[in-house]
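Trainee: I'd like to ask you about the structure that follows.
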Amino acid sequence: MLERVAEIQTQAKAEISAASSSAALEELRVKYLGRKAELPQLLRDVAGLPPQQRGEAGRSANEARQTLEALIEAAAARFEAAEMAAALSEDDVDITLPGSPVEAVGHHHLLSATRREIEDVFCGLGYSVVEGPEVETVQYNFDSLNHDPAHPARARSDTFYIEGGGEGPDQTLLRTHTSPMQIRIMEETPPPIALIVPGRVFRRDSDATHTPQFHQIEGLLVDEGVTLADLKGTLLAFARAIFGADRELRLRPHFFPFTEPSVEVDVSCFMCDQGTAPGGERCSLCKGTGWLEVLGSGMVDPNVFAAVSEHGYDPDTHQGFAFGLGIERIAMLKHGVPDLRFFYENDLRFLRQFG
Ligand code: PHE
Numbered sequence: 033m034l035e036r037v038a039e040i041q042t043q044a045k046a047e048i049s050a051a052s053s054s055a056a057l058e059e060l061r062v063k064y065l066g067r068k069a070e071l072p073q074l075l076r077d078v079a080g081l082p083p084q085q086r087g088e089a090g091r092s093a094n095e096a097r098q099t100l101e102a103l104i105e106a107a108a109a110r111f112e113a114a115e116m117a118a119a120l121s122e123d124d125v126d127i128t129l130p131g132s133p134v135e136a137v138g139h140h141h142l143l144s145a146t147r148r149e150i151e152d153v154f155c156g157l158g159y160s161v162v163e164g165p166e167v168e169t170v171q172y173n174f175d176s177l178n179h180d181p182a183h184p185a186r187a188r189s190d191t192f193y194i195e196g197g198g199e200g201p202d203q204t205l206l207r208t209h210t211s212p213m214q215i216r217i218m219e220e221t222p223p224p225i226a227l228i229v230p231g232r233v234f235r236r237d238s239d240a241t242h243t244p245q246f247h248q249i250e251g252l253l254v255d256e257g258v259t260l261a262d263l264k265g266t267l268l269a270f271a272r273a274i275f276g277a278d279r280e281l282r283l284r285p286h287f288f289p290f291t292e293p294s295v296e297v298d299v300s301c302f303m304c305d306q307g308t309a310p311g312g313e314r315c316s317l318c319k320g321t322g323w324l325e326v327l328g329s330g331m332v333d334p335n336v337f338a339a340v341s342e343h344g345y346d347p348d349t350h351q352g353f354a355f356g357l358g359i360e361r362i363a364m365l366k367h368g369v370p371d372l373r374f375f376y377e378n379d380l381r382f383l384r385q386f387g
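Just add 32 to the spot in the sequence shown (first one is 1) and you have our numbering.
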């Protein structure tokens with residue numbers, strides 16, 4: 033048996049060193065070490081030998097098996113590295129290279145582009161940009177903003193309340209507007225301040241001009257001696273930067289719980305002349321009125337200052353104005369987008385028009 037083991041070992045070594053691939057090695061592993069191979073069979077036969085031969089025969093067969101295993105393993109490791117290198121060089125894809133054909137770099141989504149455009153206008157006027165929490169409390173979203181306990185926006189049919197989100201003023205909800213940041217900012221920063229707050233807001237609404245989630249930009253300026261004329265001048269600068277240098281503004285009386293007086297602001301239509309389109313027909317954008325409603329605003333209500341009076345806001349010495357605009361609405365007006373839902377469907381044929 034010792035001789036046979038030596039023969040097998042010599043033959044196997046020669047074949048292993050001649051093998052040219054990991055597949056060939058695998059065949060040799062089966063041939064010499066597999067279940068039906070001769071060497072393992074010899075090992076099993078050791079038990080049937082006379083006791084005085086067993087020790088040496090067992091040892092030599094075992095050593096031969098270990099030697100072959102080690103040789104196959106070492107050769108396989110060499111092949112594996114070489115085969116991997118070959119596969120990589122044959123099939124190399126440099127993911128840092130531009131595609132073929134070259135794809136243009138993408139561009140901002142129309143809503144991001146519009147937000148940034150509006151931010152630029154206000155940054156140019158000296159405003160800072162801040163963001164705030166999308167999950168708010170009843171206190172910040174309604175109470176501190178002077179909402180009547182029976183205000184309709186508080187209803188569960190209008191607003192997303194967080195299940196298990198507490199009760200009373202601390203109850204959590206998805207903010208329905210960016211206005212709660214007026215309070216949070218004034219709690220943190222003494223006057224004078226001038227800030228805008230872009231962000232997502234949420235309402236239980238869904239049709240061609242309403243989606244449950246949309247975007248607003250809040251504006252808040254507080255200082256001494258601020259008047260409605262400052263508000264109008266600021267918004268006129270905004271309207272002209274966004275809709276064209278010839279624009280005019282119209283303020284209409286309105287109601288918001290946290291501003292007094294409150295106004296809705298219209299911009300003169302940029303598609304027509306006072307409601308009449310260039311062809312003589314009624315303008316389809318402003319529906320012939322000559323005006324486009326763009327935002328809500330007003331002078332900060334003294335009751336709102338009262339909610340933050342311990343932070344340096346005294347209604348007797350300070351005034352301010354606030355405004356809130358819908359980013360979707362501005363983008364729709366400016367680019368003639370007929371349905372709000374296009375913004376969220378991610379259809380590239382729509383989005384690529386605004387690159
Ligand atoms: N928060 C109001 C809304 O969502 C808009 C607004 C903001 C009005 C600031 C006045 C002042 O409708």
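Using N, Cα and C, we set each Cβ at its ideal position, and we do this for glycine too.
Remember, predicted model here, so these are calculated numbers, not experimental data.
Cβ-heavy atom distance between E250 and the ligand PHE below 7 angstroms?
Mentor: In the sequence shown, the residue the question calls residue 250 occupies position 218. Checking the Cβ of E250 against the ligand PHE gives yes.
Trainee: Check whether the Cβ of A339 sits closer than 7 angstroms to any heavy atom of the ligand PHE, and report yes or no.
Mentor: What you label residue 339 is simply residue 307 of the sequence shown in a count that begins at 1. No, the beta carbon of A339 sits no closer than 7 angstroms to any heavy atom of the ligand PHE.
Trainee: Quick check on G198: does DSSP put it in helix, strand or coil?
Mentor: Stepping through the sequence shown from its first residue, residue 198 is reached at position 166. The answer is coil: DSSP assigns G198 none of H, G, I, E or B.
Trainee: For the alpha helix (DSSP H) that L380 lies in, which residues bound it at each end?
Mentor: Here residue 380 refers to the residue found at position 348 of the sequence shown. Looking at the DSSP string, the run of the alpha helix (DSSP H) that includes L380 is 380-383.
Trainee: I'd like to confirm the pairing. Which residues does DSSP put opposite S160 in its beta bridges?
Mentor: For the purposes of this step, residue 160 is taken as residue 128 along the sequence shown, with counting starting at 1. DSSP output for S160 lists L227 as bridge partner(s).
Trainee: May I ask which residues mark the beginning and end of the beta strand (DSSP E) holding Q245?
Mentor: Your numbering for residue 245 matches position 213 in the sequence shown. Element bounds for Q245: 245-255.
Trainee: What is the residue span of the alpha helix (DSSP H) that V336 lies within?
Mentor: Indexing the sequence shown from 1 puts residue 336 at position 304. That run of the alpha helix (DSSP H) goes 334-339.
Trainee: Could you pull out every residue in the same chain whose Cβ sits closer than 6 angstroms to the Cβ of A273, ignoring the five residues on either side in sequence?
Mentor: In the sequence shown, counting from the first residue as 1, residue 273 sits at position 241. Same-chain partners within the cutoff: V153.
Trainee: What residue does the alpha helix (DSSP H) around V78 start on, and which one ends it?
Mentor: Mapped onto the sequence shown, residue 78 falls at position 46. From DSSP, V78 is part of no alpha helix (DSSP H); its letter is neither H nor E.
Trainee: Considering Cα atoms alone, identify which of P212, G200, G196 is closest to A339.
Mentor: Reading the sequence shown from its first residue, position 307 is the one you call residue 339. Comparing Cα positions, the closest option is P212.
Trainee: At what residues does the beta strand (DSSP E) containing L357 begin and finish?
Mentor: Your numbering for residue 357 matches position 325 in the sequence shown. L357 -> beta strand (DSSP E) spans 351-358.
Trainee: On the DSSP bridge list, what partners appear for E296?
Mentor: Here the question's residue 296 lines up with position 264 in the sequence shown. Its beta-bridge partners are R284, G328.
Trainee: Quick check: the Cα distance between T241 and S121, rounded to an integer number of angstroms?
Mentor: On the sequence shown, residue 241 is found 209 positions in, with the first residue counted as 1. On the sequence shown, residue 121 is found 89 positions in, with the first residue counted as 1. Roughly 55 angstroms separates the two Cα atoms.
Trainee: Any heavy atom of the ligand PHE within a distance shorter than 7 angstroms of the CB on F302?
Mentor: Stepping through the sequence shown from its first residue, residue 302 is reached at position 270. It does not: the Cβ of F302 is nowhere closer than 7 angstroms to a heavy atom of the ligand PHE.
Trainee: Could you please give me the residues that DSSP links to E219 through a beta bridge?
Mentor: On the sequence shown, residue 219 is found 187 positions in, with the first residue counted as 1. Bridge partners of E219: none, in fact.
Trainee: Helix, strand or coil for V258? Go by DSSP, reduced to three states.
Mentor: Your numbering for residue 258 matches position 226 in the sequence shown. In the structure shown, V258 sits in coil (DSSP, three-state: anything other than H, G, I, E or B).
Trainee: When you measure from the CB of S329 to every non-hydrogen atom of the ligand PHE, does any distance come out below 7 angstroms?
Mentor: Your numbering for residue 329 matches position 297 in the sequence shown. Yes, the beta carbon of S329 sits closer than 7 angstroms to at least one heavy atom of the ligand PHE.
Trainee: Cα separation between S52 and A93?
Mentor: Locating residue 52 in the sequence shown gives position 20, counting from the first residue. Locating residue 93 in the sequence shown gives position 61, counting from the first residue. For S52 and A93, the distance between alpha carbons rounds to 26 angstroms.
Trainee: Could one say the Cβ of Y376 lies closer than 8 angstroms to chain D's Cβ atoms, at least one of them?
Mentor: You won't find chain D in this structure, because it holds only one protein chain.
Trainee: Would the beta-carbon of F287 be found less than 7 angstroms away from any heavy atom of the ligand PHE?
Mentor: Here residue 287 corresponds to residue number 255 of the sequence shown, with the count starting at 1. No, the beta carbon of F287 sits no closer than 7 angstroms to any heavy atom of the ligand PHE.
Trainee: So, for E168: in the same chain, excluding its five sequence neighbours on each side, which residues have a beta-carbon less than 8 angstroms away from its beta-carbon?
Mentor: Taking the sequence shown and counting its residues from 1, one reaches residue 168 at position 136. The residues are T204, L205, L206, R207, P212.
Trainee: Excluding sequence positions up to five away, which residues of its chain have a Cβ less than 6 angstroms from the Cβ of L142?
Mentor: To locate residue 142, count along the sequence shown from 1; it is residue 110. Closer than 6 angstroms at the Cβ level, and outside the excluded window around L142, lie A363, F386.
Trainee: In whole angstroms, give me the CA-to-CA distance for T259 and D237.
Mentor: Within the sequence shown, the letter at position 227 stands for residue 259. Within the sequence shown, the letter at position 205 stands for residue 237. The straight-line gap from Cα to Cα measures roughly 35 angstroms.
Trainee: Please go through the same chain and pick out, in chain order, the residues whose beta-carbon is closer than 7 angstroms to the beta-carbon of T146, but skip the five residues on each side of it.
Mentor: Numbered from 1 along the sequence shown, position 114 holds the residue referred to as residue 146. Only I359, I362, A363 meet the Cβ criterion.
Trainee: What distance in whole Å lies between the Cβ atoms of Q214 and V336, which are believed to be in contact at a cut-off of 8 angstroms?
Mentor: The residue given as residue 336 occupies position 304 in the sequence shown. The residue given as residue 214 occupies position 182 in the sequence shown. Contact flag correct, Cβ pair sits at about 7 angstroms.
Trainee: When burial is assigned at 16 or more other CB atoms within 10 Å of the CB, is T42 buried or exposed?
Mentor: For the purposes of this step, residue 42 is identified with residue 10 of the sequence shown, where counting begins at 1. Exposed, since its Cβ has fewer than 16 Cβ neighbours within 10 Å.
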